[in-house]
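There are 2 protein chains.
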Amino acid sequence: MKKKKYLITGSAGFVSKYFLHYLNSLKKHSSVLGLDMDLPAYKKNELNYLDVVFKRVNLLDDKKVAKIIDDLRPDYILHLASCSSVAYSWQYPNVSFQNNTNIFLNIVEAVRNCGVKTRILSVGSSEEYGNVHMNKAPITEECRLLPISPYAVARVAQEMLSRVYAESFGLDIIMTRSFNHIGPGQKDAFVVSSLVKQIVKSKQEHKSRVIIKAGDISIVRDFLDVRDVVRAYYLLLINGVKGETYNVCGGRGYSISDLIDRISKIIGLPITVEQDPKLIRPNDNKIIVGSNEKLKKELGWAQEIEINDTLRDMIDYWETAIGPEFSRVERS
Amino acid sequence: MKKKKYLITGSAGFVSKYFLHYLNSLKKHSSVLGLDMDLPAYKKNELNYLDVVFKRVNLLDDKKVAKIIDDLRPDYILHLASCSSVAYSWQYPNVSFQNNTNIFLNIVEAVRNCGVKTRILSVGSSEEYGNVHMNKAPITEECRLLPISPYAVARVAQEMLSRVYAESFGLDIIMTRSFNHIGPGQKDAFVVSSLVKQIVKSKQEHKSRVIIKAGDISIVRDFLDVRDVVRAYYLLLINGVKGETYNVCGGRGYSISDLIDRISKIIGLPITVEQDPKLIRPNDNKIIVGSNEKLKKELGWAQEIEINDTLRDMIDYWETAIGPEFSRVERS
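From first to last, the protein sequence lines stand for chains A and B. The first sequence begins at 3 in our numbering and counts up by one. The second sequence begins at 3 in our numbering and counts up by one.
Listed below in structure tokens is the structure:
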């Protein structure tokens, strides 16, 4: 059998790394071209079943994107790349919107124009739902989209364009609305990773009492382990139904304060939270919890990693990542 | 009282012309800056109550747009400019999408950044509704948006961005979903104007039987006279509710074949229709009829021009517009 060819955008990111490790764990020889503004930090030789090439590319360059896709003629495209900061989209709404929709259009136009038979997974966001009334939780895919940030509008446009390309141009596209994902190695720009890092740091400094800064800790989100997320992406690429949209989520909500309690118990330290007004977003939803029934029923996906295991792995990650630095500080 | 300042984008177009004539008919001295890629064909001296300046501008030039808005500091912006051809959007989805959303973003970003207090009317399209099930007619503003062309997705994005700018940046924006409009002077690229032109031409050539070419004449659309449309736009600019979306439509559907029958009766000639497959769109809605209850109830708007009067005026227009040419042909 011929090796399958994967094109992955956003290949320097957190999700791409876990996707490649999952793909490698399946032990099917495949080739992968990863595109990103940056090269990833990890080593390719961990991925012994994959032929991986990472390339620095600006996906806003339509001609370059068209040439790459025409040359590679991939079997699968996993489109993870995005200008994904909601905060940035509040500051530079036009840049955020244009970058997100333009890189997506460059990819689907390249596929349409070169006529290659490719399955595309267009990764969207739970932010698309926007101002969902609380009694709508868990949110199913049928729920109305009321995006409340420029970033979220771009994601809705990407999904609606995906449907147009699937229905009218016959492109083989599957769409997701992915809820919050967490896991070891996630940058501390994301709330849970930032909290774990702060707590681990305090513990390593032998503080008797941990004080951390956070925004609104009452907000409830549907946090799913990135390793469960990438299994869903793989299943969707292989068996998803063309033109359909799938929630990717755990189906259960956790408030930030609940997560802090769990981390406190695992780490064995009492934690005090100080609210930082700078960390509160101008127009944020109180509760976002998704329904994963469609993903379970149609794809046979099931969540495998429980929240406490994810938090434990994140604590381990930060203990290793910031360990030596603080050892140095203590020694000096 | 200080003169009100209007900024109109798409000022060389059909709708702008009627808007300015309506504004002039109100006899309130106002100043108007019209922006478009082209200059309009009509004379400004018909507009004796208005100080009108038309300027050629490419609205994709963000710096130029920002400077114009900062210099003018308009009271009202009527944003009519668009890349409005659905057919073009099927050929060049990325260009159509980007142009539409980018010119809109350039305008709202300019307003946001210079902090001017302006009311903006963001004109959208009934195409936003897309694949509405027939039993949903007439369509209210609450109806789900399922756009089926790249053009329509751009319009949905524009409306959703409008809501974000209104709710989170405090911009004073009102949105429309405008259904098909017709009237004397409309280009023959639009179906009803094209039909009237073909029929008038046949009559002037003294044909005993009129044969015209058309696409699918069973499709039903909600056609409203452009003069009723621009009164709605004026009322919305003056009294519309910030952040709200309004259907602008007649509330009644006419099939193309019904309109052909009406024109046939007015003009007194039997008409035979030949179907032209080239005029059938790849993925077109059968019926699009809107509800105008919100516009009537909240703004006190009412339709004033009945369909037969509109068709009569369109016949008169084409009789004058193509008359001399055919007189010449007959003389030669």
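All C-beta atoms in this analysis are idealised placements derived from N, C-alpha and C, irrespective of residue type, glycine included. These numbers were taken from a predicted model, which means no experiment stands behind them.
- Query: Taking the runs of the alpha helix (DSSP H) that are 4 residues or longer, which of them lie wholly in the stretch 12-64 of chain B?
  - Reply: 16-27
- Give the secondary structure of Q277/B by DSSP, where H, G and I count as helix, E and B as strand, and everything else as coil. Taking the first residue of the second sequence as 1, we reach residue 277/B at position 275. Three-state result, Q277/B: strand.
- Using a beta-carbon distance cut-off of less than 7 angstroms, what residues from the stretch 160-182 of chain A approach chain B? Correct list: M162, L163, V166, E169, S170.
- Task: For chain B, find out if any of its Cβ atoms is closer than 9 angstroms to the Cβ of R229/A; answer yes or no.
- Result: What you label residue 229/A is simply residue 227 of the first sequence in a count that begins at 1. No - not a single Cβ of chain B is within 9 angstroms of the one on R229/A.
- Nearest to K5/A by alpha carbon, out of S124/A, D77/A, I122/A? Within the first sequence, numbered from 1, the residue matching residue 5/A stands at position 3. Here the closest residue by C-alpha is D77/A.
- Task: Enumerate in chain order the residues of its own chain whose CB-to-CB distance from R114/B is below 8 angstroms, with the five nearest sequence positions on each side excluded.
- Result: The residue labelled residue 114/B in the question sits at position 112 within the second sequence. Contacts found: Y167, F171, L173.
- Close-in-space but distant-in-sequence residues of the same chain around D278/B (CB under 8 angstroms, 5 per side omitted): For this step, residue 278/B is matched to residue 276 along the second sequence. Excluding residues within five positions, the ones whose Cβ falls inside 8 angstroms are K215, A216, G217.
- Message: Less than 8 angstroms between C-beta atoms, sequence neighbours within five positions excluded: which residues of the same chain meet that for S32/A?
- Response: As a first step, residue 32/A must be located in the first sequence, where it is residue number 30. If we look at S32/A and ignore the five residues flanking it on each side, its Cβ neighbours are K5, K6, K7, Y8, L25, Y51, L52, D53.
- Message: Output needed in chain order: residues of the stretch 127-152 of chain A with a Cβ under 7 angstroms from some Cβ in chain B.
- Response: R146, P149, I150, S151, P152
- By the 10 Å Cβ neighbour count, where 16 or more other Cβ atoms means buried, how is R58/A classified, buried or exposed? What you label residue 58/A is simply residue 56 of the first sequence in a count that begins at 1. The residue in question, R58/A, is exposed, as its Cβ has fewer than 16 Cβ neighbours within 10 Å.
- If you follow the alpha helix (DSSP H) that D230/A is part of, which residue opens it and which one closes it? Against the first sequence, residue 230/A aligns to sequence position 228. Segment 228-241, the alpha helix (DSSP H) holding D230/A.
- Consult DSSP for R254/B and reduce its assignment to one of helix, strand or coil. For this step, residue 254/B is matched to residue 252 along the second sequence. R254/B: coil per DSSP, three-state reduction.
- Message: What are the residues in the stretch 248-280 of chain B lying within 7 angstroms of chain A by C-beta distance?
- Response: Here the close residues number zero.
- Task: Look at the Cβ atom of G253/B, then the Cβ atom of D224/B, and state whether they are nearer than 9 angstroms.
- Result: Mapped onto the second sequence, residue 253/B falls at position 251. Mapped onto the second sequence, residue 224/B falls at position 222. Against a cut-off of 9 angstroms, the Cβ pair of D224/B and G253/B comes out as a contact.
- Item | Sequence-distant residues of its chain with Cβ nearer than 7 angstroms to I307/B (five each side left out) | Locating residue 307/B in the second sequence gives position 305, where the first residue counts as 1. Excluding five sequence positions before and after I307/B, the CB atoms of its chain that fall closer than 7 angstroms to its own CB belong to D227, R229, D230, given in chain order.
- Return the bridge partner residues of T178/B from the DSSP annotation. As a first step, residue 178/B must be located in the second sequence, where it is residue number 176. DSSP output for T178/B lists V125/B, Y248/B as bridge partner(s).
- Same chain only: Cβ atoms within 6 angstroms of N102/B, ignoring 5 sequence neighbours per side: What you label residue 102/B is simply residue 100 of the second sequence in a count that begins at 1. S84, C85, A156, listed in sequence order.
- Could you tell me the distance, in whole angstroms, from the CA atom of S329/A to the CA atom of E207/A? Translated into positions along the first sequence, residue 329/A becomes position 327. Translated into positions along the first sequence, residue 207/A becomes position 205. Low local confidence applies: a pLDDT of 42 at S329/A is under 50, so the model's placement there is unreliable, with the coordinate-based value given in what follows. The straight-line gap from Cα to Cα measures roughly 9 angstroms.
- Task: Specify whether the stretch 186-193 of chain B and the stretch 120-140 of chain B touch according to this definition: at least 3 beta carbon pairs, one from each stretch, less than 8 angstroms apart.
- Result: no
- Message: Quick check on the burial criterion: 16 or more other C-beta atoms within 10 angstroms. Buried or exposed for M39/B?
- Response: As a working mapping, residue 39/B is identified with position 37 in the second sequence. Classification of M39/B: exposed, given that the 10 Å Cβ count is below 16.
- Item | Proximity winner among D73/B, S13/B, R146/B, I71/B, relative to K46/B (alpha-carbon distances) | As a working mapping, residue 46/B is identified with position 44 in the second sequence. Nearest option by C-alpha distance: S13/B.
- Alpha carbon to alpha carbon, how far is K205/A from L271/A? Locating residue 205/A in the first sequence gives position 203, where the first residue counts as 1. Locating residue 271/A in the first sequence gives position 269, where the first residue counts as 1. Take the alpha-carbon of K205/A and the one of L271/A: they are about 8 angstroms apart.
- Query: chain A beta carbons: is any one of them nearer than 9 angstroms to that of N96/B?
  - Reply: For the purposes of this step, residue 96/B is taken as residue 94 along the second sequence, with counting starting at 1. True, the Cβ-Cβ gap to chain A drops below 9 angstroms.
- What separation, rounded to the nearest whole angstrom, lies between the Cα atoms of I290/A and F56/A? What you label residue 290/A is simply residue 288 of the first sequence in a count that begins at 1. What you label residue 56/A is simply residue 54 of the first sequence in a count that begins at 1. Taking the straight line from one Cα to the other gives about 35 angstroms.
- Task: Kindly indicate if chain B contains any beta-carbon less than 9 angstroms away from that of A83/A.
- Result: Taking the first residue of the first sequence as position 1, residue 83/A is located at position 81. A83/A does not count as touching chain B.
- Please name the residue or residues paired with H81/A in a DSSP beta bridge. Within the first sequence, numbered from 1, the residue matching residue 81/A stands at position 79. Paired residue(s): T11/A, S124/A.
- Item | Endpoints, the beta strand (DSSP E) within which I214/A is located | Sequence index remark: in the first sequence, residue 214/A carries index 212 (1-based). Start and end: 212-216.
- Task: Would you list the residues sitting across from I184/A in a DSSP beta bridge?
- Result: Here the question's residue 184/A lines up with position 182 in the first sequence. Partner(s): D227/A.
- Item | Residue span of the alpha helix (DSSP H) that contains Q93/A, given as start and end | Residue mapping note: residue 93/A aligns to position 91 of the first sequence, counting from 1. Per DSSP, Q93/A belongs to the alpha helix (DSSP H) from 88-93.
- Partners in chain A for L37/B, counting only beta-carbon separations shorter than 8 angstroms: The sequence position of residue 37/B within the second sequence is 35, counting from 1. Under the 8 angstroms cutoff, chain A gives no residues; its nearest Cβ is about 18 angstroms from L37/B.
- Per DSSP, which one or two residues make a beta bridge with K6/B? Position 4 of the second sequence, counted from the first residue, corresponds to residue 6/B. According to DSSP, which records beta bridges pairwise, K6/B is partnered with S32/B.
- Message: Please identify, using Cβ separations under 9 angstroms, the residues of the stretch 100-127 of chain B that lie next to chain A, in order along the chain.
- Response: Q100, T103, N104, L107, N108, V110, E111, R114
- Along the alpha helix (DSSP H) that carries L197/B, what are the first and last residues, could you check? Position 195 of the second sequence, counted from the first residue, corresponds to residue 197/B. 193-206 is the extent of the alpha helix (DSSP H) around L197/B.
- Which chain A residues sit within Cβ distance under 7 angstroms of V243/B? Translated into the one-based positions of the second sequence, residue 243/B becomes position 241. Chain A residues near V243/B: none, gap ~17 angstroms exceeds 7 angstroms.
- Task: Could you check how far apart the C-beta atoms of L237/B and L163/B are, in whole angstroms? I think they sit under 8 angstroms.
- Result: Taking the second sequence and counting its residues from 1, one reaches residue 237/B at position 235. Taking the second sequence and counting its residues from 1, one reaches residue 163/B at position 161. In fact, because the Cβ distance is near 23 angstroms, the residues do not count as touching under 8 angstroms.
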